[in-house]
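Residue numbers (the working numbering): 7 to 143.
The block underneath contains the structure these notes are about, expressed in structure tokens.
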Ligand code: CMP
């Protein structure tokens, strides 16, 4: 998951992590960083042809983000239920995006949409050592 620049600016990093951990998900690793244009572009490369791509990149580099590697049984589904639909107006009551998101773009958090993308996106930001995956000698 990523806590996007609006979430960091609103000082709700703790609030978001409290909900994630409260839902039974485990934080395996996390880091705050300032994305540069190139890295944000690579992360969202799948959306390159979409009309909102440039604006999305500008937003994602507008301030620091917190990247978090999560683990848990059915983690993708459980996390996605917690954050709600991409568009905060369409997200269910009580979800993170519904409560804190401002628009379909400025929607407070990112989440991987499948287990496969979860692995790709986690390895985009974290080394195996950071994830505690180095086998003992
Ligand atoms: P995220 O879950 O990070 O995945 C892609 C992001 O693109 C999405 O959240 C939004 O921030 C943004 N996005 C998706 N659809 C739109 C849209 N129609 N208009 C603007 N931004 C969008």
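Positions of the beta carbon are idealized from the N, C-alpha and C atoms, including for glycine.
Contact annotation, residue 16 with residue 137: C-beta distance approximately 28 angstroms; criterion of less than 8 angstroms not satisfied. Bridge pairing for residue 116: 8 [DSSP]. Burial of residue 26 is indicated by the presence of at least 16 other C-beta atoms within 10 angstroms of its C-beta. Residue environment: residue 89 is assigned as buried (16 or more neighbouring CB atoms within 10 Å of its CB, all protein chains considered). The C-alpha of residue 128 is placed about 16 angstroms away from the C-alpha of residue 52. Exclusion of residue 39 from the 7 angstroms shell around the ligand CMP follows from its C-beta lying no nearer than that to any non-hydrogen atom of the ligand.
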